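Numbering (my numbering), first residue to last: 1015 to 1187.
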């Protein structure tokens, strides 16, 4: 496990019991196997989504917005949102896609400014489930619940709707 991952875990609301469990388990891990598992989170077939995300990303100030369309796994949105957060000028990464007849929206930020969980909840909590922590959040909305609000088959209009909902609740224009 990398130092930045350990730090991220310990930054969350951590109890002393969590630290003790981590210390106990860490002594018993197979570091080679753990590293192999950790590095195997990308499948070859996921690369097409990265290409699509890079080609279709919308940048507004320090935020990256991406709509991927249909995805084979909602974790793709998570991987891409985390990927964009590694860019030095990006403070927010909002990646969305359709999975199992639901709109999945993943929020990531640097944890310094606004609370991602609050932004997700205020933006989409009335139409679906939404929430999270200061630097990461998620929203899931049944397509049936938004079919009268936006044409989700038109990718440009759909992403514009997502951006407007987020910026409206975040107090931006």
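Virtual Cβ for every residue (Gly too), placed ideally from N, Cα, C.
All of these numbers come straight from a predicted model, not from anything done at the bench.
- Here residue 1122 really is in contact with residue 1096; their C-beta atoms are around 6 Å apart, less than 8 Å.
- When C-beta atoms of the segment 1100 to 1107 are compared with those of the segment 1081 to 1090, fewer than three pairs fall below 8 Å, so the two segments do not count as touching.
- Proximity to residue 1150 across 1070, 1093 and 1062 peaks at 1093, based on C-alpha coordinates.
- Residue 1107 is bridged by DSSP to 1078 and 1122.
- The alpha carbon of residue 1067 has as its nearest neighbour, out of 1181, 1173 and 1182, the alpha carbon of 1173.
- When Cβ pairs closer than 8 Å are counted between the two stretches, the segment 1149 to 1167 is seen to touch the segment 1114 to 1131, the count reaching three or more.
- One thing to note: residue 1159 has its Cβ no nearer than 8 Å to the Cβ of residue 1133.
- Around the beta-carbon of residue 1128, 16 or more other beta-carbon atoms lie within 10 Å, marking it buried.
- When the Cα atoms are used, residue 1059 and residue 1090 turn out to be separated by approximately 10 Å.
- Here the alpha carbons of residue 1041 and residue 1137 stand approximately 43 Å from one another.
- Shortest Cα-Cα distance from residue 1117 to any of 1043, 1155 and 1029 involves 1155.
- For residue 1067, no beta strand (DSSP E) segment is defined; the enclosing uninterrupted segment is the alpha helix (DSSP H) at 1061 to 1070.
- In this structure, DSSP gives residue 1149 a state outside helix and strand, which the three-state scheme calls coil.
- Per DSSP, the beta-bridge partners of residue 1155 are 1117.
- Sixteen is the threshold: when 16 or more other Cβ atoms of the shown chains lie within 10 Å of the Cβ of residue 1112, as they do, the residue is buried.
- Residue environment analysis places residue 1098 among the buried positions, since at least 16 neighbouring C-beta atoms fall within 10 angstroms of its C-beta.
- Excluding five sequence positions before and after residue 1171, the CB atoms of its chain that fall closer than 8 Å to its own CB belong to 1164 and 1165, given in chain order.
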